[in-house]
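Undergrad: Residue numbers (this note's numbering), protein chains in the order written: chain W, 1 to 159; chain R, 160 to 350.
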Amino acid sequence: MTVITHNRRRSRLSTLVDQPGGVSVGVALTEARANLARYESRSREIIEQQVTALAALPVPTGVDEGALDQAYAHASAVIDAAGPFELNDLCAAAANLCDLIDAAPEDRPFDWRVVTVHAQALRLLLTLPPEAVDARAKVLDSLKDMLKAKVPGSGEPEA
Amino acid sequence: MRGMNGVGESLRESAVFNFDGAVTMVIDDSPFSLELTAQALLGFGMKVRHACESAAGAIAILQNHPVDLILVDCEMPGMSGYEFVRWLRRSGLDPNAYSPVIMTAAHVRRSKVSDARDCGANFLITKPFSAGVLLERIVWVSRDNRPFLEVGDYFGPDRRFRNEPWPGPERRAEERRRTAFEKERRAAVEL
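1. Looking only at its chain, what residues have a beta carbon closer than 6 Å to the beta carbon of G167 (chain R), apart from the 5 residues adjacent to it on each side?
2. Answer with buried or exposed for Q50 (chain W), where buried requires no fewer than 16 other C-beta atoms within 10 angstroms of its C-beta.
3. Quick check: the stretch 55 to 74 of chain W against the stretch 20 to 37 of chain W, are there 3 or more CB pairs under 8 Å?
4. Give, in chain order, every residue of the stretch 176 to 192 of chain R whose Cβ lies closer than 7 Å to some Cβ of chain W.
5. Which whole runs of the alpha helix (DSSP H) in the stretch 261 to 314 of chain R are 4 residues long or more, in chain order?
6. Terminal residues of the continuous alpha helix (DSSP H) containing H118 (chain W)?
7. Hey, out of R:A174, R:T183, R:R171 and R:L170, whose CA is closest to R163 (chain W)'s CA?
8. Can you check which of these residues, R:S258, R:L252, R:M205 and R:L193, is closest to D232 (chain R) by C-alpha distance?
9. Name, in chain order, the residues that DSSP records as bridge partners for F176 (chain R).
10. One question on the structure: do Q198 (chain R) and N96 (chain W) come within less than 8 Å of each other, judged by their Cβ atoms?
11. What does G327 (chain R) reach in chain W if we use C-beta pairs closer than 7 Å?
12. Pull the bridge partners of M184 (chain R) from the DSSP assignment, please.
13. Closest by CA to A119 (chain W), which one among W:A94, W:F110 and W:L128?
14. Give a yes or no on whether 8 Å exceeds the smallest Cβ distance from A159 (chain W) to chain R.
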């Protein structure tokens, strides 16, 4: 196969990064975290809205890609909102649901109990206090077990 | 799917960088997600010049405005982030077609893994990611000096991150020509 190599010019960004002035990594991160912290309560509101919407999705009859896409979108929105605030267990639970939906069989209906259980788990994770580490771990473990059972090979580490 | 992690080194707290004046574009269909990205960038000294809620809106801007860095969400209604980056690289817009592109994703569907690899982005970050990871990746792409390659329908940065010697026979015509040329040159010098 023909390969054409374009020797790259320096991007303007590469010129800017080393120009005099600027800020240190430590200062930039402190500033960024402070900026983001102002959005943390809004983030929780959005997560709660998405979990409520996920739980309220009607159980589809038969193969329904639209319903699965909606559930996937709600789970993705949870990750979007929770991501910058180190709400890692919420992200892990939502990602687990995304993995399950992504592996949904095309020729038979998706087991909708999976969505219901994940919505309940997300709600529980939202209400558990931060110090309930064991309880949080148990919730996540049960979801991971579900993924392993439904999607063989999913629990194996990526190469 | 994991992002293309593991290629950057952690940044030292005292390391200094300067992105003042960088023209940055963020494309995300979720206004809240877009705002979060913009706030993190603001902390790094990068004011988002173009905030777009769709790829179509971004394309209209890119026709006439040079952009130094693009952050784009993978999953968007209408034109997806993958389709957008593929369009950008093939757009012929100079310098935008070569602009550093970081893709972000809450989750990458299995069916989209090849799109993520082959659309021509410099980097994909999967969520959740901290402000530190985002900064690390931005600094990394700013120093990304991989050449752009055109291979089949791929146009974008060389997808090979490692540059380790291949133990087998060299089959690339360009490399074979270069080796032959070097051999001839050395022979001529020795004469």
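We put the beta carbon where it would ideally sit given N, CA and C, even for glycine.
TA: The structure says:
1. Mapped onto the second sequence, residue 167 (chain R) falls at position 8. Residue placement at G167 (chain R) cannot be trusted, given a pLDDT of 42 that sits under 50; what the coordinates show is reported in the next sentence. Result list for G167 (chain R): E295 and W299, in chain order.
2. Here residue 50 (chain W) is taken as the residue at index 50 of the first sequence, counted from 1. Buried, since its Cβ has 16 or more Cβ neighbours within 10 Å.
3. For the pair of segments examined, the stretch 55 to 74 of chain W was found not to touch the stretch 20 to 37 of chain W: the number of CB pairs separated by less than 8 Å stays below three.
4. For the stretch 176 to 192 of chain R, the set of residues with a beta-carbon nearer than 7 Å to any beta-carbon of chain W comprises F176, N177, F178, D179, G180, A181, S189, F191 and S192, in chain order.
5. If only uninterrupted alpha helix (DSSP H) runs of at least 4 residues are considered, those enclosed by the stretch 261 to 314 of chain R are 272 to 277 and 290 to 301.
6. As a working note, residue 118 (chain W) is residue 118 in the first sequence. Note, H118 (chain W): alpha helix (DSSP H), R113 to T127.
7. This structure gives no information on residue 163 (chain W), because the portion of chain W shown stretches from 1 to 159.
8. For this step, residue 232 (chain R) is matched to residue 73 along the second sequence. For the options R:S258, R:L252, R:M205 and R:L193, the alpha carbon positioned closest to that of D232 (chain R) is the one of R:L193.
9. Translated into the one-based positions of the second sequence, residue 176 (chain R) becomes position 17. Note: F176 (chain R) sits in a beta bridge opposite W:V23.
10. Taking the first residue of the second sequence as 1, we reach residue 198 (chain R) at position 39. Taking the first residue of the first sequence as 1, we reach residue 96 (chain W) at position 96. At the C-beta level, Q198 (chain R) and N96 (chain W) stay beyond 8 Å of one another.
11. Here the question's residue 327 (chain R) lines up with position 168 in the second sequence. Under the 7 Å cutoff, chain W gives no residues; its nearest Cβ is about 17 Å from G327 (chain R).
12. In the second sequence, the residue the question calls residue 184 (chain R) occupies position 25. Under DSSP, the beta-bridge partners assigned to M184 (chain R) are R:H209 and R:I229.
13. Here residue 119 (chain W) corresponds to residue number 119 of the first sequence, with the count starting at 1. When only C-alpha atoms are compared, the closest one is W:A94.
14. Position 159 of the first sequence, counting from 1, holds the residue named residue 159 (chain W). Confidence is the limiting factor: at A159 (chain W) the pLDDT is only 43, short of 50, which leaves the residue's position unreliable and the question unanswerable from this model.
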